[in-house]
Amino acid sequence: MTFGRILSSAIIVLWFPLMAAVLAAPSLFALEQPGDFLIRNTVRVSLIYWAVAVVLMMRRDPFARVYWSLACAAYIVHVVVSFEHVHRWSHAAAFAHVKAASGYGEGIFVSYFFTLLWCVDALFWWVAPRRYETRPAWVCWSIHGFMLFIIINGTVIFENGAIRWISVAVFAALLGIWLKSRDTRQPNEITAIADQ
Numbered sequence: 003m004t005f006g007r008i009l010s011s012a013i014i015v016l017w018f019p020l021m022a023a024v025l026a027a028p029s030l031f032a033l034e035q036p037g038d039f040l041i042r043n044t045v046r047v048s049l050i051y052w053a054v055a056v057v058l059m060m061r062r063d064p065f066a067r068v069y070w071s072l073a074c075a076a077y078i079v080h081v082v083v084s085f086e087h088v089h090r091w092s093h094a095a096a097f098a099h100v101k102a103a104s105g106y107g108e109g110i111f112v113s114y115f116f117t118l119l120w121c122v123d124a125l126f127w128w129v130a131p132r133r134y135e136t137r138p139a140w141v142c143w144s145i146h147g148f149m150l151f152i153i154i155n156g157t158v159i160f161e162n163g164a165i166r167w168i169s170v171a172v173f174a175a176l177l178g179i180w181l182k183s184r185d186t187r188q189p190n191e192i193t194a195i196a197d198q
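According to the numbering used here, the sequence shown is numbered sequentially starting from 3.
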């Protein structure tokens, strides 16, 4: 087993105690705003694993599927804690929150679609990996383009301070990796990873 495989395996295993620590921290440290802490840090874990998954997809690494799924799982936890601590399980409250933040309350449906799309995509990769990796390129580009648009809006457009600049750096690094990977890929490939 190579060092890269050992490192990937360790980072995958790290997801569980990392998420447990994030979820336990408000109780252990009596934080003043536990909901805010949970919302911000669950999405940060999700985005870290998302970025690693995207890099691994570009490299056609079989670990990409696990990272993609763990990123999605952390995002689902983010949605749950958002609805628990901010919206109190109310669609109307979520609608009002999105309207206050963006001026367009109907944007909540874009968030719902983002969540559904990611879950379906991750599940499809596990249920039918061969079909997943041979689906038309326009499907892959559409999914990843839409997700990237939403993630950039959430981390660069609607954020500020260090998170905005860290996000810009991460997106610049991903762009560089993508440009470098284009030299070795077929035009219709984006996530062709063998089921291993």
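Heads up, the beta-carbon is just placed ideally off N, CA and C, and yes, glycines get one too.
Spatial neighbours of residue i in its chain, beta-carbon cut-off 8 angstroms, leaving aside the 5 residues before and after
{"i": "residue 45", "result": "76, 77, 80 and 156"}
CB-CB length for residue i against residue j, believed under 8 angstroms
{"i": "residue 20", "j": "residue 27", "result": "So it is not a contact: roughly 11 angstroms between Cβ atoms."}
{"i": "residue 152", "j": "residue 57", "result": "Not a contact, Cβ separation roughly 19 angstroms."}
{"i": "residue 66", "j": "residue 172", "result": "So it is not a contact: roughly 17 angstroms between Cβ atoms."}
{"i": "residue 183", "j": "residue 61", "result": "7 angstroms"}
{"i": "residue 154", "j": "residue 87", "result": "That pair is no contact at about 25 angstroms."}
{"i": "residue 160", "j": "residue 103", "result": "7 angstroms"}
Exposure label - residue i; buried when at least 16 CB within 10 Å
{"i": "residue 143", "result": "exposed"}
{"i": "residue 196", "result": "Per-residue confidence for residue 196 stands at a pLDDT of 39, beneath the threshold of 50, marking its modelled position as unreliable; no derived number is given."}
{"i": "residue 9", "result": "exposed"}
{"i": "residue 120", "result": "buried"}
{"i": "residue 164", "result": "exposed"}
{"i": "residue 17", "result": "buried"}
{"i": "residue 174", "result": "exposed"}
{"i": "residue 43", "result": "buried"}
{"i": "residue 130", "result": "exposed"}
Beta-carbon proximity list for residue i, same chain, < 7 angstroms, skipping 5 on both sides
{"i": "residue 47", "result": "20, 21, 24 and 76"}
{"i": "residue 194", "result": "Because the pLDDT of residue 194 is 48, which lies under 50, any placement of that residue in the model is unreliable, and the number read from its coordinates should be weighed accordingly. Correct list, in chain order: 62 and 135."}
6 angstroms Cβ shell around residue i - same chain, five flanking residues per side excluded
{"i": "residue 134", "result": "126 and 127"}
{"i": "residue 202", "result": "Because the chain here runs from 3 to 198, residue 202 falls outside it and cannot be looked at."}
{"i": "residue 191", "result": "Residue placement at residue 191 is poorly supported in this model, since its pLDDT is 49, which falls under 50; the coordinates still yield a value, given next. Counting only Cβ-Cβ distances below 6 angstroms, and skipping sequence neighbours, we find nothing."}
{"i": "residue 100", "result": "107, 109 and 110"}
{"i": "residue 124", "result": "70, 71 and 74"}
Residue i beta carbon near the ligand HEM (any heavy atom closer than 6 angstroms)
{"i": "residue 109", "result": "No copy of the ligand HEM appears in this structure; indeed no ligand is present at all."}
Three or more C-beta pairs below 8 angstroms linking the stretch 62-72 and the stretch 91-102: Touching, no.
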